[in-house]
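J.: One structure follows; several queries about it will come next.
Protein chains: 2
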Amino acid sequence: MVNTKEIARLCGVSRGTVDRALNNRPGISPETKRKILKVAEEVGYRPNFIAKSLVTKKTMTIAIVVFDINNRIFSQIANAIETRARELGYFVYLTLTHKKPELEKEYIRYLVDRKVDGIILMSVNKGQEFEKYLRNLKVPIVTFGNKISDEFPFIWINDEKAIIDAVQYLASKNYEKLIYITPALRESNPSNNIYGPEQRLKGFNKAMKLHKNMESIVITDMNYIDTIDNISNLGNEKVAFLCSSDIYALDILKYAKNKGIHIPTEMGLMGFDNIDTIQYVTPSLATVGFSIEDIGIQLVNSLVDKIEGNEIPKRIQISHEIIEGETV
Amino acid sequence: MVNTKEIARLCGVSRGTVDRALNNRPGISPETKRKILKVAEEVGYRPNFIAKSLVTKKTMTIAIVVFDINNRIFSQIANAIETRARELGYFVYLTLTHKKPELEKEYIRYLVDRKVDGIILMSVNKGQEFEKYLRNLKVPIVTFGNKISDEFPFIWINDEKAIIDAVQYLASKNYEKLIYITPALRESNPSNNIYGPEQRLKGFNKAMKLHKNMESIVITDMNYIDTIDNISNLGNEKVAFLCSSDIYALDILKYAKNKGIHIPTEMGLMGFDNIDTIQYVTPSLATVGFSIEDIGIQLVNSLVDKIEGNEIPKRIQISHEIIEGETV
DNA sequence: CTGTTAGCGCCTTCAA
DNA sequence: TTGAAGGCGCTAACAG
C-alpha cells in the first residue's frame, strides 16, 4: 500500500505538500495540487485511517452496547442507529453484553482503549461505583432502556406513564382484575440495572391506586405460564393479562390457544413494545407502541452532538400510544 | 491519559523496558517488571489501541456487511457473529448496505481504510468487476447467503437441495399443485446478487421435473398477495404454497385468515428459514430449518483462520431439515 | 537485563 | 507556495 511519503517521492515534492493537496488545505498551487491528485489516483492511494486517528484523536466510530439483538426491539434499534450513524460519517461497533455486568464493564473499557468517540448504552450495571467508572472514562455516553442516573442522557419513552395509560385503556374495557406479567424483575440479579421494568411496575402500582375497584396480581416469575396455569379461576371477574413486554404476551397467547381459552371473551391480553412480530398473530394483540426508529435516530443525534462538544438534554422523552387490538 | 513514556519517566527506566513489562516480553528482571506494573496500575495506565494497531498492523476488528438487520435471520446471524468474535478477541463493525450496490462497495472500501482484519459479507454486488474490486483490496473475506464466486469462501446451506426436499415433503402429503413464491427475483435490480433466491428457484424447477404429475406456478411478484387473490380457483386440485422465505409465508397465512380460507384443508403452506417469529403463529408453519447460530460461528471461525494465514475451505455446507407443521 | 534508535503513516507548526 | 522537523503512542531491532 502506497503512502504519502511514496507519493511525495513520485511527485518530487515534500510530504507536507502532498498532505495539503490530499486534504484540501490552503497554501498550494493549483498545478502541483492537480499533479499530486493525479498521481495519487493513479497509484490508488488510500489514506490510512488508523494513522490519521492517532494524530487527530478522532476515530469517527461509535459503539452500541446492549444485551443482545435477538430481541426484536434491540435489533430494530441497532438498525436505526447504524443507519443514522453512517449518514453522519460514523462507523459503529456492535457489542453484546449478554446481561453480564462484568462483561459490560470490560467491553466498555476496551472500547475506550480503542478510542471510540462515543457510546450508546443500554446498561446492565447501575450504582454509584459504576457511575464513577463511566465518569472516569471521560467518553461521551447516551443511554436508553435502562437509565443509569440523571448524569447520563437518557432517551426513551415514559415507561411509568405508558403503563398507566395501558391500565386506563383496560379499565375502559371494563376489566375488573389485572394480572401484570414482569418476569425481568426476578429473572435478573438484584444488582442488575432493570430500570425499565421497574418503572413499568411502578406505573402499574400507581394505576391500581387510581382504579381502586380493580383487583390485581403481579407475577414476577420466569415460569409465569405455570403460575398462570395454577390460577385456574378465571371465572368470576373479567380478567386481563397485561405484559411488560410483547414477548410474554405472545407466549401467553400461545398458551391460551393450546388450552382452548378464548381471547378476549374468557380473558383479555395486552402487550408492550409493539414489536413487528405481532402483526402476524391472531387475534391481533393490543399493546403499547412507540417509534423505535426515532429512538435510534435521536440517540445518534444526541451522541454526535455531545461528541462535538455541545450541551445535550439529559432526557428526551419519546411519545407512546395505545395500539388497539382484538385481544381486549 | 498517561502513556508509556510517562511511566518510563516515573520509574526511571526506558520506554523499551516499560514495553517489556507491560506486554510480558522476555528480557526483564522480575523486580523492575513488578515495579513498572505497580506504577502502571496506580496511574491507571491504559494502552492506546490505535497506536498499537498502527505498528502491529492488526486491529483485532472484523466487519459484518449485510443488507439490514430488520429481517430476523440477519439479526440472529449478527448476534452469533458478535458473540463468537468476542470470544476470539475481535470487535465487530456492523455495516448495513440497504441493498444498495454502490453503498456496499463504498463501505467495504472504508472498512479497508480502517484496516479491519477481515470481512463477513452477504453481498448485493456480483460479477467479475466486483470480484476484481474485492481481490485488489487484499482483505480476508468470507461470504454467506449470496455467493459471489468460488474464490470467496461461502458458508451456507444447500439452497437447491433444501427446496427439493421441501417439494418432496409436500409431494408426500399428496399435493397436486405447487405455487412457489419468490418475490426477491423481481424485486431487485437485475445486476444485484440474488444467488440465494436463484438457487432456491433452481431447486424448485429441478424438483418439478422429478414430480412430473405435479402442476406448478412461480410467482416472482412483490404483490404476490394480489396475484394469489386473482388465482381464485383453489377448487379442483390439492394446492400448496411454498415460499422462498418465512416472511412471505407469514404474510400469506395472514391473508388466508382474513379471507377465511382454511389451512391446511383448503390450501397448504410452507415457509423457509425457520425464523423464531413463527413459533407464535397458529397453525404452526411447516418450513425448512437450519442452525443460524452455527452459520455465524463458522463464519467467524473461518474468517479468523484465514486472517491467521491458514487455508480455509471454499465451501462449508450447513445442514438443513424439514420442520413439520400444521399448515400442510 | 536494559537503553537507544528508528520507524508505523499521518498531521501540524514553523521557517524559508 | 513549499520544505523540514517534530510528534501522536506504540513496537521492534540492535547495542551495550
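Chains as they are written, first to last, in UniProt numbering: chain A, 1 to 328; chain B, 1 to 328.
Ideal Cβ placement from N, Cα and C applies to all residues, glycine included.
#1: Anything in the segment 277-293 of chain A with a Cβ closer than 9 Å to a Cβ of chain B? List those residues in chain order, please.
#2: Are aspartate 159 of chain B and glycine 127 of chain B touching if we call contact CB-CB under 8 Å?
#3: Could you check if tyrosine 307 of chain B is buried or exposed, using at least 16 other CB atoms within 10 Å of its CB as the buried criterion?
#4: Measuring only the C-alpha atoms, how far is threonine 97 of chain A from arginine 25 of chain A?
#5: My assumption, with CB atoms under 8 Å, is that leucine 137 of chain A sits in contact with valine 112 of chain A. Please give the rounded CB distance.
#6: Given this structure, state the Cα-to-Cα distance separating leucine 134 of chain B from asparagine 174 of chain B, to the nearest angstrom.
#7: If glutamine 298 of chain A sits next to isoleucine 322 of chain A, beta carbons under 8 Å apart, how far is it from one beta carbon to the other, in whole angstroms?
#8: Cβ of asparagine 79 of chain B less than 8 Å from any chain A Cβ?
#9: So within the segment 102-162 of chain B, which uninterrupted beta strand (DSSP E) runs reach at least 3 residues, ignoring any that extend past its ends?
#10: Which term fits glycine 118 of chain B, buried or exposed, when burial requires 16 or more other beta carbons within 10 angstroms of its beta carbon?
#11: Could you tell me whether the Cβ of arginine 114 of chain A comes closer than 8 Å to any Cβ of chain B?
#12: Pick from B/Asn79, B/Asp150, B/Pro153, B/Asp68: whose alpha carbon is nearest that of leucine 103 of chain B?
#13: Could you check whether the Cβ of leucine 250 of chain B sits closer than 8 Å to any Cβ belonging to chain A?
#14: Would you please verify whether the beta carbon of alanine 51 of chain B is less than 8 Å from any beta carbon of chain A?
#15: Scan the UniProt domain "HTH lacI-type" (2-56) of chain A and note each continuous alpha helix (DSSP H) run of 4 residues or more that stays entirely inside, going in chain order.
#16: Specify the secondary structure class of phenylalanine 74 of chain A as computed by DSSP and reduced to three states.
#17: If you reduce the DSSP assignment to three classes, tell me which class isoleucine 322 of chain B lands in.
#18: Restricting to Cα atoms, I'd like to know which of A/Val300, A/His320, A/Gly325 is closest to tyrosine 90 of chain A.
#19: Report the neighbours of phenylalanine 91 of chain B on chain A: residues whose CB is nearer than 9 Å to its CB, in chain order.
#20: Using a 10 Å radius around the Cβ and a threshold of 16 neighbouring Cβ atoms, would you call aspartate 251 of chain A buried or exposed?
#21: Tyrosine 180 of chain A bridges to which residues according to DSSP?
#22: Determine whether the Cβ of arginine 135 of chain B lies closer than 8 Å to any Cβ atom of chain A.
#23: Identify whether threonine 265 of chain A lies in helix, strand or coil by the three-state DSSP scheme.
#24: Mind listing the chain B neighbours of isoleucine 225 of chain A? Cutoff is C-beta to C-beta under 8 Å, in chain order.
#25: What do you reckon, are the CB atoms on glycine 271 of chain B and serine 245 of chain B nearer than 8 Å?
#26: From isoleucine 36 of chain A to valine 92 of chain B, what distance separates their C-alpha atoms?
#27: Thinking C-alpha only, which one of A/Met267, A/Thr61, A/Gly289 is nearest isoleucine 275 of chain A?
#28: Can you tell me whether DSSP reads tyrosine 90 of chain B as helix, strand or coil?
#29: Would you give the residue range spanned by the beta strand (DSSP E) that residue 341 of chain A belongs to?
#30: Let's test the definition: count the other Cβ atoms within 10 Å of the Cβ of isoleucine 228 of chain A and tell me whether it reaches 16, buried, or not, exposed.
#31: Terminal residues of the continuous beta strand (DSSP E) containing threonine 282 of chain A?
T.: According to the structure shown:
#1: Thr277, Ile278, Gln279, Tyr280, Val281, Thr282
#2: As a position in the second sequence, residue 159 of chain B is number 159, starting the count at 1. As a position in the second sequence, residue 127 of chain B is number 127, starting the count at 1. Not in contact: aspartate 159 of chain B and glycine 127 of chain B (Cβ atoms no closer than 8 Å).
#3: Against the second sequence, residue 307 of chain B aligns to sequence position 307. It should be noted that the sequence gives isoleucine, not tyrosine, for residue 307 of chain B. That one is buried.
#4: Walking along the first sequence from the start, residue 97 of chain A turns up at place 97. Walking along the first sequence from the start, residue 25 of chain A turns up at place 25. Going by the C-alpha atoms only, they are around 43 Å apart.
#5: Walking along the first sequence from the start, residue 137 of chain A turns up at place 137. Walking along the first sequence from the start, residue 112 of chain A turns up at place 112. Confirmed, Cβ separation roughly 5 Å.
#6: Position 134 of the second sequence holds residue 134 of chain B. Position 174 of the second sequence holds residue 174 of chain B. Cα to Cα, the separation comes out at about 47 Å.
#7: In the first sequence, counting from the first residue as 1, residue 298 of chain A sits at position 298. In the first sequence, counting from the first residue as 1, residue 322 of chain A sits at position 322. Actually they do not touch by this definition, with Cβ atoms about 22 Å apart.
#8: Position 79 of the second sequence, counted from the first residue, corresponds to residue 79 of chain B. Judged by the 8 Å Cβ criterion, asparagine 79 of chain B is in contact with chain A.
#9: 118-121, 141-143, 154-157
#10: Translated into positions along the second sequence, residue 118 of chain B becomes position 118. The residue is buried, with at least 16 neighbouring Cβ atoms inside 10 Å.
#11: Within the first sequence, the letter at position 114 stands for residue 114 of chain A. Output row for arginine 114 of chain A: interface = yes.
#12: Along the second sequence, one-based indexing puts residue 103 of chain B at 103. It is B/Asp68.
#13: Here residue 250 of chain B corresponds to residue number 250 of the second sequence, with the count starting at 1. So yes, leucine 250 of chain B belongs to the interface.
#14: For the purposes of this step, residue 51 of chain B is taken as the residue at position 51 of the second sequence. Cβ-Cβ to chain A under 8 Å: yes for alanine 51 of chain B.
#15: 4-11, 15-22, 30-42, 49-56
#16: For the purposes of this step, residue 74 of chain A is taken as the residue at position 74 of the first sequence. Looking at phenylalanine 74 of chain A - three-state DSSP - the assignment turns out to be helix.
#17: The residue labelled residue 322 of chain B in the question sits at position 322 within the second sequence. Residue state, collapsed to three classes: strand.
#18: Here residue 90 of chain A corresponds to residue number 90 of the first sequence, with the count starting at 1. Nearest C-alpha to tyrosine 90 of chain A: A/Val300.
#19: As a position in the second sequence, residue 91 of chain B is number 91, starting the count at 1. Residues of chain A passing the Cβ test: Ala63, Tyr93, Leu94, Thr95, Tyr107, Tyr110, Leu111, Arg114.
#20: Residue numbering aside, residue 251 of chain A sits at position 251 when the first sequence is read from its first letter. Buried.
#21: Taking the first residue of the first sequence as position 1, residue 180 of chain A is located at position 180. Answer by DSSP bridge pairing, in chain order: A/Val218, A/Leu242.
#22: By 1-based counting over the second sequence, the position of residue 135 of chain B is 135. No, because no Cβ of chain A sits closer than 8 Å to the Cβ of arginine 135 of chain B.
#23: Numbered from 1 along the first sequence, position 265 holds the residue referred to as residue 265 of chain A. Note: threonine 265 of chain A maps to coil in three-state DSSP.
#24: Taking the first residue of the first sequence as position 1, residue 225 of chain A is located at position 225. Simply none; closest approach about 14 Å.
#25: Along the second sequence, one-based indexing puts residue 271 of chain B at 271. Along the second sequence, one-based indexing puts residue 245 of chain B at 245. In this structure, serine 245 of chain B lies closer than 8 Å to glycine 271 of chain B by Cβ.
#26: Residue 36 of chain A sits at position 36 when you count from the first residue of the first sequence. Residue 92 of chain B sits at position 92 when you count from the first residue of the second sequence. About 35 Å.
#27: As a position in the first sequence, residue 275 of chain A is number 275, starting the count at 1. Answer by Cα proximity: A/Gly289.
#28: Numbered from 1 along the second sequence, position 90 holds the residue referred to as residue 90 of chain B. Of the three classes helix, strand and coil, the one that applies to tyrosine 90 of chain B here is coil, per DSSP.
#29: What is shown of chain A runs 1 to 328, which leaves residue 341 of chain A out entirely.
#30: Here residue 228 of chain A is taken as the residue at index 228 of the first sequence, counted from 1. Under this definition isoleucine 228 of chain A is a buried residue.
#31: Walking along the first sequence from the start, residue 282 of chain A turns up at place 282. Note, threonine 282 of chain A: premise wrong, no beta strand (DSSP E); not H, not E.
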